[in-house]
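Everything below concerns the one structure shown next.
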Amino acid sequence: MLEIMFAKNTLPKKDALAIYLPEGDVKSSIYKKLNSKTSKALDKAIESSRFEAKLGQIIEIMAPHGLHVNRIVVVGLGKVKKITEHILQEAGAKVAKKLLKSGEETIQFMIEEIDGVKISETEIATNIAFGARIGSYTFLKYKTSKKKEVYPSLERAVFLVSDIEKAEKRYKHFEAIANGISMTRDFVNEPPNYLTPKTYAKDIARLSYLGIDVEVIEKEELKKLGMNLLLAVGQGSTSDARLVIAKWNGDKKNDDYPIALIGKGVTYDTGGLSLKRHDGLLNMKTDMAGSATVISTIKSLALQNAKVNAIAVIAIVENSISANAYKPDDVITSMSGKTVEIAHTDAEGRLALADSITYTQKFYKPKVIIDVATLTGAAVVTFGSEYAAILSNSDSLSKEFNNVSKATGEKIWRLPLDKAFAKLLKSDIADINHLGTREGQTINAAEFLHAFVDDKKTKWAHLDIAGTAYIDKPGTFHPKGATGYGVHLLNEYINTNYNKFKD
Ligand code: BES
Ligand code: ZN
Ligand code: ZN
Numbered sequence: 000m001l002e003i004m005f006a007k008n009t010l011p012k013k014d015a016l017a018i019y020l021p022e023g024d025v026k027s028s029i030y031k032k033l034n035s036k037t038s039k040a041l042d043k044a045i046e047s048s049r050f051e052a053k054l055g056q057i058i059e060i061m062a063p064h065g066l067h068v069n070r071i072v073v074v075g076l077g078k079v080k081k082i083t084e085h086i087l088q089e090a091g092a093k094v095a096k097k098l099l100k101s102g103e104e105t106i107q108f109m110i111e112e113i114d115g116v117k118i119s120e121t122e123i124a125t126n127i128a129f130g131a132r133i134g135s136y137t138f139l140k141y142k143t144s145k146k147k148e149v150y151p152s153l154e155r156a157v158f159l160v161s162d163i164e165k166a167e168k169r170y171k172h173f174e175a176i177a178n179g180i181s182m183t184r185d186f187v188n189e190p191p192n193y194l195t196p197k198t199y200a201k202d203i204a205r206l207s208y209l210g211i212d213v214e215v216i217e218k219e220e221l222k223k224l225g226m227n228l229l230l231a232v233g234q235g236s237t238s239d240a241r242l243v244i245a246k247w248n249g250d251k252k253n254d255d256y257p258i259a260l261i262g263k264g265v266t267y268d269t270g271g272l273s274l275k276r277h278d279g280l281l282n283m284k285t286d287m288a289g290s291a292t293v294i295s296t297i298k299s300l301a302l303q304n305a306k307v308n309a310i311a312v313i314a315i316v317e318n319s320i321s322a323n324a325y326k327p328d329d330v331i332t333s334m335s336g337k338t339v340e341i342a343h344t345d346a347e348g349r350l351a352l353a354d355s356i357t358y359t360q361k362f363y364k365p366k367v368i369i370d371v372a373t374l375t376g377a378a379v380v381t382f383g384s385e386y387a388a389i390l391s392n393s394d395s396l397s398k399e400f401n402n403v404s405k406a407t408g409e410k411i412w413r414l415p416l417d418k419a420f421a422k423l424l425k426s427d428i429a430d431i432n433h434l435g436t437r438e439g440q441t442i443n444a445a446e447f448l449h450a451f452v453d454d455k456k457t458k459w460a461h462l463d464i465a466g467t468a469y470i471d472k473p474g475t476f477h478p479k480g481a482t483g484y485g486v487h488l489l490n491e492y493i494n495t496n497y498n499k500f501k502d
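For the sequence shown, the positions run 0 to 502 when numbering that gives the first Met the number 0 is used.
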């Protein structure tokens, strides 16, 4: 994990030195200073390398004459008018990635305000730091190679600023979110033979050291609660289903939880008896990403000591096969009392979520429910890995999410809920069929969940993160694999909207 530090803004005498430049001919005062100390090495490097300071473009000047640093790294920020906090995060990630396995152990980042950009020095430093921190993530737990080049050399990034205390204070917020993103990635990347319902629930229970109240409900208790949909999904597995409830009570004057997060925690999705084909099975260890996102959001809130009350309810279950497994044609009585006709055992996520929604409404009566799930392949077909689908019974809630999404850069796109889709869930034998048609699956699945939501009492949004949770190629902020999508988004949503729900 990259250590982030802040120090006085003097010229570094060792390590890798990093600076940034916007596009165009504007050269910052730090640039000019370094350029003159190095007999114009920076000008020469730019002239000879087609460097235009486009966003993320990098040049390196090794062992610059006149300075004692190992190298100077210049990163482009793109056009001045387009520079935002998110762009700065991108630049931070680019630099950290470039130096990750370079042999350097420390980057010293010189920070100054940018002409024509209304972002303070503190915000510039902490946003670049955040980008560097999440952009340098690796998952090497299962590598046994002794070769140095497999592992990062980079250990820390030091940001040289005029007000160290202010930057340190502000960075605490980012560090909490970065920590949550890392935890999500670690859980999602973990192989399914190690991350089973049993081990996953145990790992989450350890979060109690942060003052998070964690309750794990096991099979016998789930039976008593009537959570038969969740139990059915887990019936074929050797590791029983669990419901985990994690509460953060940061608003000490109140003991209600107006915002509830619900997560799909399918530790492996074989498809059950409606078995997936081999290419469909690949990466189905990631089917617990929704649960990892919401539990990590609670962790981030705790790390920030956020003055909010929020709860995460997650359904942890493995969708496996055995003589005990649930079957297409089964009819199961849900916790809500509604009977459900099983049409396809690969549509397991909505079953586990439906009982979790009922449980949350019954025991916590939240004003807002946000469920997060890798629910449908159709969401991947529609949005690729760029957008998560959001479906909601509330225009205002959707708008609030749109706003925070713009700030964090985690993109969402609203799909409609529509009675026409709900009608497709009619069953001949039971109250409801859980599949509908194959067409419009992202909406069908959401309409199934909708059937368990009390519209009159609850604003509800469903985030289908099937495409954004795990990406098979490296991105700006993540290596190939788990992305940690949603942790920042949910944090910002809760932090900026919580006060609306206080009585
Ligand atoms: N876990 C999958 C959805 C998924 C697919 C997540 C690809 C991430 C990447 C879900 O449980 C599932 O299998 N959905 C089926 C539903 C179908 C049987 C109606 C799907 O989308 O194909
Ligand atoms: Zn499935
Ligand atoms: Zn699934």
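Even for Gly, the Cβ is constructed at its ideal location relative to N, Cα and C. The structure presented is a predicted model; accordingly, all values stated were derived computationally and were not measured.
Comparing the CB of residue i with every heavy atom of ligand 2, is any distance shorter than 8 Å?
i	result
asparagine 318	yes
glycine 262	no
valine 339	no
aspartate 268	yes
lysine 275	yes
For residue i, which three-state DSSP category applies?
i	result
threonine 441	helix
methionine 287	helix
glutamine 107	strand
alanine 15	strand
lysine 100	coil
isoleucine 341	coil
aspartate 24	coil
lysine 7	strand
serine 384	coil
glutamate 217	coil
tyrosine 469	strand
valine 116	coil
asparagine 304	coil
threonine 359	helix
asparagine 432	strand
serine 391	strand
aspartate 185	helix
Considering only the alpha carbon of each residue, which of the options lies closest to residue i?
i	options	result
lysine 329	Ile244, Asp430 and Ala421	Before going further, note that residue 329 is aspartate rather than lysine in the sequence given. Nearest C-alpha to aspartate 329: Asp430.
phenylalanine 362	Tyr256, Leu194, Gly55 and Asn282	Tyr256
glycine 233	Gly279, Ile176, Tyr141 and Gly348	Gly348
serine 510	Thr269, Leu274 and Ser181	Any property of residue 510 remains undetermined from this structure, which presents the chain solely from 0 to 502.
glycine 134	Lys100, Thr121, Thr332 and Ile110	Lys100
glutamate 84	Asn498, Glu120 and Glu104	Glu120
glycine 439	Thr467, Lys425, Thr457 and Pro415	Pro415
leucine 539	Ala166, Leu230 and Ala44	Nothing can be reported for residue 539: it is not among the residues displayed for the chain, which extend from 0 to 502.
lysine 364	Ile123, Asp254 and Gln303	Asp254
histidine 67	Leu54, Leu33 and Ala95	Leu33
isoleucine 176	Val149, Asn126 and Gly225	Asn126
serine 333	Val403, Met226 and Asn308	Met226
Inspect the beta-carbon positions of residue i and residue j and report whether they are closer than 9 Å.
i	j	result
isoleucine 310	threonine 359	yes
glycine 91	glycine 130	yes
tryptophan 412	alanine 388	yes
phenylalanine 138	aspartate 185	yes
alanine 15	isoleucine 57	no
glycine 289	glycine 262	yes
isoleucine 368	alanine 259	yes
glycine 271	aspartate 345	yes
Should residue i be listed as close to ligand 3, given that the test is whether its C-beta is under 8 Å from any heavy atom?
i	result
glycine 383	no
valine 371	no
lysine 284	no
aspartate 463	no
aspartate 328	no
Run the proximity test for residue i: is its beta-carbon closer than 8 Å to any non-hydrogen atom belonging to ligand 1?
i	result
aspartate 345	yes
alanine 377	yes
glycine 483	no
glutamine 88	no
valine 556	The structure shown does not extend to residue 556, since the chain is modelled only from 0 to 502, so the question has no answer here.
In terms of residues, what are the limits of the alpha helix (DSSP H) holding residue i?
i	result
leucine 281	That residue, leucine 281, is in no alpha helix (DSSP H); it is neither H nor E in DSSP.
asparagine 126	120 to 134
glycine 262	Taken as a continuous stretch (DSSP letters only), glycine 262 belongs to no alpha helix (DSSP H), being part of the beta strand (DSSP E) at 258 to 268.
alanine 419	418 to 422
alanine 406	394 to 407
aspartate 162	Premise fails: aspartate 162 is in no alpha helix (DSSP H) and is neither H nor E.
If I follow the unbroken beta strand (DSSP E) through residue i, where does it start and stop?
i	result
methionine 61	57 to 61
lysine 246	241 to 248
isoleucine 310	308 to 318
histidine 461	458 to 463
threonine 332	330 to 332
alanine 200	Premise fails: alanine 200 lies in the alpha helix (DSSP H), 196 to 204, not in any beta strand (DSSP E).
aspartate 454	Careful: aspartate 454 lies outside any beta strand (DSSP E) and carries neither H nor E.
isoleucine 369	367 to 372
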